[in-house]
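Below: one structure, written as structure tokens.
2 protein chains.
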Amino acid sequence: MTDPAVLALAGGVGGAKLADGLQAHLGDRLAVVVNTGDDCERHGLLVMPDHDTVLYNLAGIEQAEWGWGIEGDTHAAMAQLGAYGEETWFSLGDRDLALHVARTARLQAGGRLTEVCLGLQRSLGIAARILPMADEPVRTEVRTDDGWLEFQDYFVRLRQAPEVLEIRFAGIDDARPTAEVLAALAASAAIVICPSNPLVSVAPILGVPGMREAIGAARQRGVPVAAVSPIVGGRALKGPADRMLAALGLEVSAVGVARLYADLADVFVLDAVDAALAPGVEALGIHAIVTDTIMTDDAARARLAGEVLGALEAR
Amino acid sequence: MTDPAVLALAGGVGGAKLADGLQAHLGDRLAVVVNTGDDCERHGLLVMPDHDTVLYNLAGIEQAEWGWGIEGDTHAAMAQLGAYGEETWFSLGDRDLALHVARTARLQAGGRLTEVCLGLQRSLGIAARILPMADEPVRTEVRTDDGWLEFQDYFVRLRQAPEVLEIRFAGIDDARPTAEVLAALAASAAIVICPSNPLVSVAPILGVPGMREAIGAARQRGVPVAAVSPIVGGRALKGPADRMLAALGLEVSAVGVARLYADLADVFVLDAVDAALAPGVEALGIHAIVTDTIMTDDAARARLAGEVLGALEAR
Numbered sequence: 001m002t003d004p005a006v007l008a009l010a011g012g013v014g015g016a017k018l019a020d021g022l023q024a025h026l027g028d029r030l031a032v033v034v035n036t037g038d039d040c041e042r043h044g045l046l047v048m049p050d051h052d053t054v055l056y057n058l059a060g061i062e063q064a065e066w067g068w069g070i071e072g073d074t075h076a077a078m079a080q081l082g083a084y085g086e087e088t089w090f091s092l093g094d095r096d097l098a099l100h101v102a103r104t105a106r107l108q109a110g111g112r113l114t115e116v117c118l119g120l121q122r123s124l125g126i127a128a129r130i131l132p133m134a135d136e137p138v139r140t141e142v143r144t145d146d147g148w149l150e151f152q153d154y155f156v157r158l159r160q161a162p163e164v165l166e167i168r169f170a171g172i173d174d175a176r177p178t179a180e181v182l183a184a185l186a187a188s189a190a191i192v193i194c195p196s197n198p199l200v201s202v203a204p205i206l207g208v209p210g211m212r213e214a215i216g217a218a219r220q221r222g223v224p225v226a227a228v229s230p231i232v233g234g235r236a237l238k239g240p241a242d243r244m245l246a247a248l249g250l251e252v253s254a255v256g257v258a259r260l261y262a263d264l265a266d267v268f269v270l271d272a273v274d275a276a277l278a279p280g281v282e283a284l285g286i287h288a289i290v291t292d293t294i295m296t297d298d299a300a301r302a303r304l305a306g307e308v309l310g311a312l313e314a315r
Numbered sequence: 001m002t003d004p005a006v007l008a009l010a011g012g013v014g015g016a017k018l019a020d021g022l023q024a025h026l027g028d029r030l031a032v033v034v035n036t037g038d039d040c041e042r043h044g045l046l047v048m049p050d051h052d053t054v055l056y057n058l059a060g061i062e063q064a065e066w067g068w069g070i071e072g073d074t075h076a077a078m079a080q081l082g083a084y085g086e087e088t089w090f091s092l093g094d095r096d097l098a099l100h101v102a103r104t105a106r107l108q109a110g111g112r113l114t115e116v117c118l119g120l121q122r123s124l125g126i127a128a129r130i131l132p133m134a135d136e137p138v139r140t141e142v143r144t145d146d147g148w149l150e151f152q153d154y155f156v157r158l159r160q161a162p163e164v165l166e167i168r169f170a171g172i173d174d175a176r177p178t179a180e181v182l183a184a185l186a187a188s189a190a191i192v193i194c195p196s197n198p199l200v201s202v203a204p205i206l207g208v209p210g211m212r213e214a215i216g217a218a219r220q221r222g223v224p225v226a227a228v229s230p231i232v233g234g235r236a237l238k239g240p241a242d243r244m245l246a247a248l249g250l251e252v253s254a255v256g257v258a259r260l261y262a263d264l265a266d267v268f269v270l271d272a273v274d275a276a277l278a279p280g281v282e283a284l285g286i287h288a289i290v291t292d293t294i295m296t297d298d299a300a301r302a303r304l305a306g307e308v309l310g311a312l313e314a315r
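Chains A and B, in that order, are what the protein sequence lines are. Per my numbering: the first sequence = residues 1 to 315. Per my numbering: the second sequence = residues 1 to 315.
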């Protein structure tokens, strides 16, 4: 491929790591469509956990241990917010807070979500574009024994302790892929579904009315799609994907994930520890690639991204 | 007076210092009506410089050198806002930012300005009540050779360099004294006009339609009013009051200020360095009190407040 553009679909930390590896190869030829279902209002400010995690990773300033937030950030404002009786379970660093303040101000001044996000990304000097899956608000909610919960209420406040019985994406019927997402899709020579939670990170993106059709049209044009498994050795590398799959009666394995993408993916990348599952993936009609998928450092991110791009180029 | 309640009118640093001294004597029997004409929107957040300066002084956490902001505050969020291309000339500390974030969120959730402010004050444990002069937005604007400027544009960004040719309070015709202000006035045995800029701190308060009448009605009931001069030795202790008075053709002296309050004040407090001006004040029909008005520390704040209260009690 000559200077091919690539579109990635990503949720939070795992997706951000692979997106960062892809950016190392592609620079400004990478567009990352991020899940906005995790977005929430905190203290009157719009917080976009997946967008921001990808942003900080592509800017190289992510908090190294957790993968989200900014390395070395302080929490003076949050402590003071607590003094005013504001909830503090969703902790925002001082430098991180600036992103939410600037973004909310620009949206309230009439800015469109995608344009506002692109402007903030340019300020941090990242090469790739991070595109919200839609400008319209979509909010993931999970049903537990205590009823329906906002996603961050479940994910952060309750630390994913309750069993998830059902998932819904409020507002998604009114959402549409943005012009920027459709243009990036039209310009892309390949699509990568990052190792993000298939049920609450990738599903909202694919659930935006028109998104699956647009990706399907790209595949009709010969644009291959690769997906990378977030399940390794039967467990999620991060987050509750494994328990969610189990609770919803789905197979907790790389094959289980591949099955969710069977109608979309041409290539499925699974970890070396799951090499024995490759035939199960191939049985779905998807080409299986077995490699080390654990992205422990920048080199590992770039190496995995290179393998994924190589596999796509070979299609 | 047995447990008298006192109402103070205050702008920024000078007013906040005397209000703090009054609180030392009166505790929860003090209500401070603050100027809201300096309020502004920064990064989508409502900033209330005078309210907040009084708040931090009454809470004992004010930045010692300047008198506004929080002692020891950091500026990580502001630096990051700058990285996003936001204007940084109005610098907000991280802990200070939390106040603006919490307040704006509560207002956007439907809270009324006075109630929101009282709630934030309670969280910091201050005894007195700080009452915005009105719930409706009032914005002080000054005309310079460059035309009309928002107040903080003139005051902070341009460091009060341009000459002020005219002053107006946008929105004041639609403002009204709040129920809390009127109740505090009705309950007060004395009124103190703090040593704040008469033209841009006290004038907006007195300019709220109905405010002068309400204070006049209190005086009819025998409630005395004392004012403390912000002009000492022909100069403003802080801020541009002296240059503003001169530019508007007013006398730059304690007598010049007393003249502005001639229809309101029963007592006028001027600094010892201006002792020779006392007869000029008395000639206006106002009882002059000469004392040290420089509030260099907490003890000096309380001492001056005590003298003012003593003079009022003697009326």
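By construction, the Cβ of each residue, glycine as well, lies at the ideal position given by its N, Cα and C atoms. On a predicted model such as this, the values are computed, not experimentally measured, just so you know.
Opposing strand residues paired with residue i [DSSP bridges]
| i | result |
| --- | --- |
| A:C40 | A:V47 |
| A:A170 | A:R139 |
| A:L270 | A:V290 |
| A:A226 | A:V192 and A:V267 |
| A:I231 | A:A236 |
| B:I70 | B:E62 |
| A:V181 | BP columns for A:V181 are empty, so no partner. |
| B:L30 | B:V6 |
Beta-carbon proximity list for residue i, same chain, < 6 Å, skipping 5 on both sides
| i | result |
| --- | --- |
| B:P198 | V257 and L260 |
| B:R301 | K17, D20, G21 and M295 |
| B:G126 | For the sequence presented, residue 126 of chain B should be read as Ile rather than Gly. Excluding sequence neighbours, B:I126 sits near L58 and A59. |
| B:F268 | A227, A258, V281, I286 and A288 |
| B:D274 | A254 |
| A:D242 | R235, A236 and V252 |
| B:R315 | P224 and D266 |
| A:L248 | none |
| B:V47 | C40 and H100 |
| B:A76 | D94 |
| A:G37 | V138, T140, F169 and P204 |
| B:E166 | R143 |
Cut-off 8 Å between Cβ atoms - residues of its own chain near residue i, not counting five sequence neighbours on either side
| i | result |
| --- | --- |
| B:E136 | G171, D174, A175 and R176 |
| A:W66 | V13 |
| A:I193 | A8, L9, V202, V225, A226, A227, V228, Y261, L264 and A265 |
| A:E163 | T144, D145, R243 and A247 |
| B:G306 | G21 and H25 |
7 Å Cβ cut-off: residues of chain B touching residue i
| i | result |
| --- | --- |
| A:G85 | S123 |
| A:T104 | G44 |
| A:A98 | A77, Q80, L81 and Y84 |
Interface residues of chain B facing residue i [CB-CB closer than 8 Å]
| i | result |
| --- | --- |
| A:Q108 | G44 |
| A:V290 | Residues of chain B passing the Cβ test: none, with the nearest at roughly 41 Å. |
Contacts of residue i in chain A (Cβ-Cβ under 8 Å)
| i | result |
| --- | --- |
| B:R212 | Under the 8 Å cutoff, chain A gives no residues; its nearest Cβ is about 34 Å from B:R212. |
Residues that residue i contacts on chain A, provided the C-beta gap is smaller than 7 Å
| i | result |
| --- | --- |
| B:R95 | A76, A77 and Q80 |
| B:L120 | Y84 |
| B:V47 | What B:V47 touches in chain A: nothing, since even the nearest Cβ is about 12 Å away. |
| B:V54 | Per Cβ cutoff of 7 Å: no residues; B:V54 is ~16 Å from chain A at best. |
Other residues of its chain near residue i: CB distance less than 7 Å, five sequence neighbours each side excluded
| i | result |
| --- | --- |
| B:L118 | R129 |
| B:L284 | A258, R259 and A262 |
| A:V290 | L270, A272, A275 and A278 |
| B:L182 | A214 |
| A:M1 | For A:M1, the pLDDT reaches just 45, beneath the cut-off of 50, and the residue's location in the model is therefore unreliable, leaving the point undetermined. |
| A:L206 | R212 |
| A:V156 | W89 and F90 |
| B:L124 | L55 and A59 |
Chain-ordered neighbours of residue i on chain B, where CB pairs are closer than 9 Å
| i | result |
| --- | --- |
| A:V228 | Result: empty, since nearest Cβ-Cβ is about 31 Å, beyond 9 Å. |
Neighbour list for residue i in chain A, Cβ cutoff strictly below 9 Å
| i | result |
| --- | --- |
| B:V116 | Chain A residues near B:V116: none, gap ~10 Å exceeds 9 Å. |
Would you call the region 200 to 220 of chain B and the region 56 to 76 of chain B touching, i.e. three or more CB-CB distances under 8 Å?
no
Those runs of the alpha helix (DSSP H) which lie wholly inside the region 91 to 162 of chain B and span at least 4 residues:
94 to 108 and 113 to 123
So, does the region 147 to 159 of chain A touch the region 35 to 42 of chain A, judging by three or more C-beta pairs under 8 Å?
yes
Touch check for the region 97 to 117 of chain A and the region 81 to 98 of chain B: three-plus C-beta pairs under 8 Å?
yes
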